[in-house]
Amino acid sequence: MNIGSLMRRISSRLLQNNERDLSPYEKTEDSRKFFLIEPSLLRSGKSIVQGALNGDFVFSLLTVHVPLDLNSNVLDFGCGDGRVAGAFARRNFSGRYYAFDINRKRIDALQRLFKDDDRYSFTYMDVFHSYYNKEGSVKPEEYRLPYDNGQMDLVFLNSIFSHMKLEIIEHYLQEIIRCLSPKGKVWMTCYAIDERGARKRETWNYLFNTPYEKGFTNNIDDPERLVGYETDMIEAVVGKTGLRIDKYIPGYWKAERKSLDQHEQDLFVLSKE
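Numbering (the numbering used here), first residue to last: 10 to 282.
Right, dumping it as structure tokens:
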């Protein structure tokens, strides 16, 4: 089955689970039926259905690459509008789901939706980001994750490190390894620039046409809106923090999509050495 057929089948199934005469947001507050927040808070103006599909896609990649234990402690690092949390809820997740984000309105909405389920915890992160949170009061390099040592079995970061300076990535990886259980896994995506990315000139020029510090950006005025780093730099930072790369799956941004386990960005699975 090709990816288009797969996504259409998922979309059809999700739509069948909701009455059609009103929007899903107006229909239900039951996150296990169809996870929703107010449409205006969705990332990038995406529709509710598309947001749910993206969450389901990330969930499916976690099950393939990690693998995923539905009775574990999971940290959603930068949860955005909660699309992946919704995918977990629809699958009767029985562990503990921790999530945080730098967008207060989204966190407030998620806290309201999950207020009766103590398995889910959403935290506002008042951390500065040059594009996404210019009012943040805490420097990112000084932020300590509000979780205990060894607490998390899985930490996943979906399109988070594609918006950060390399030294900030290193800091957060150090915090992640502190919070990671001995056999825990880290699943993360970013733009790892190598010769395959360089050969695809049309994409390269669109995404990363300007050198920026230790990487490349597509907008020097707002460099952290989108940033990529050479693969060996990412590997060096990962190794410096004491994590090991278990899997590396190139994203389809730099080549044609060849399998259903590819993310648009480059995908890494890490563990403690």
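Ideal placement from N, C-alpha and C gives every residue a C-beta, glycine not left out. Since this is a predicted model, take the numbers as computed values, not measurements.
- Per DSSP, the unbroken beta strand (DSSP E) holding D162 starts and ends at M161 to L166.
- Note that the stretch 157 to 165 touches the stretch 189 to 201; at least 3 beta-carbon pairs, one per stretch, sit closer than 8 Å.
- In this structure E244 does not touch Y261 by the C-beta definition: roughly 21 Å separates them, more than the 8 Å allowed.
- The criterion of a C-beta distance shorter than 8 Å is not satisfied by F137 and F131.
- Our two residues, T250 and N101, have alpha carbons roughly 34 Å apart in a direct line.
- Per the DSSP secondary-structure output, E184 pairs with nothing in a beta bridge.
- Of S69, F217 and L189, the smallest CA-CA separation from L79 is found for S69.
- Looking at the DSSP output, V93 sits in no beta bridge, so it has no partner there.
- Rounded to whole angstroms, the separation of the alpha carbons of A96 and V75 is 16 Å.
- Apart from the 5 residues on each side of it in sequence, S171 sits with its Cβ closer than 8 Å to the Cβ of T198, C199, Y200, L235, V236, G237 and Q274 in its chain, given in chain order.
- G87 is the residue among G224, G87, P220 and D65 whose C-alpha sits nearest the C-alpha of N142.
- Annotated three-state conformation of L279 is strand, per DSSP.
- Distance check between D127 and each of Y140, N112, A108 and M134 places A108 closest, using alpha-carbon atoms only.
- If you check the CB distance, G64 and V93 come in under 8 Å.
- Residue pairing by DSSP places G224 opposite Y221 in a beta bridge.
- For S69, the secondary structure class from DSSP, reduced to helix, strand or coil, is helix.
- In the structure shown, the three-state DSSP call for G64 is helix.
- Its Cα nearest to that of K114, the residue G89 stands out among E184, V73, V247 and G89.
- Here the C-alpha atom of P232 lies approximately 20 Å from the C-alpha atom of D203.
- In this model, T219 and K174 are separated by some 14 Å (Cα to Cα).
- The beta carbon of S280 lies closer than 6 Å to those of K194, R253 and D255 in the same chain, with the five residues before and after it left out.
- Straight across, the Cα-Cα distance linking L119 with R187 is about 26 Å.
- In this structure, the CA atom of K223 is about 31 Å from the CA atom of S268.
- When the beta-carbon positions are compared, Y106 and Y133 stay at least 8 Å from each other.
- In this structure, E144 sits away from I177, with a CB-CB distance that is not shorter than 8 Å.
- When the Cα atoms are used, S146 and D135 turn out to be separated by approximately 6 Å.
- In this structure N112 is buried. Its beta-carbon is surrounded by 16 or more other beta-carbon atoms within 10 angstroms.
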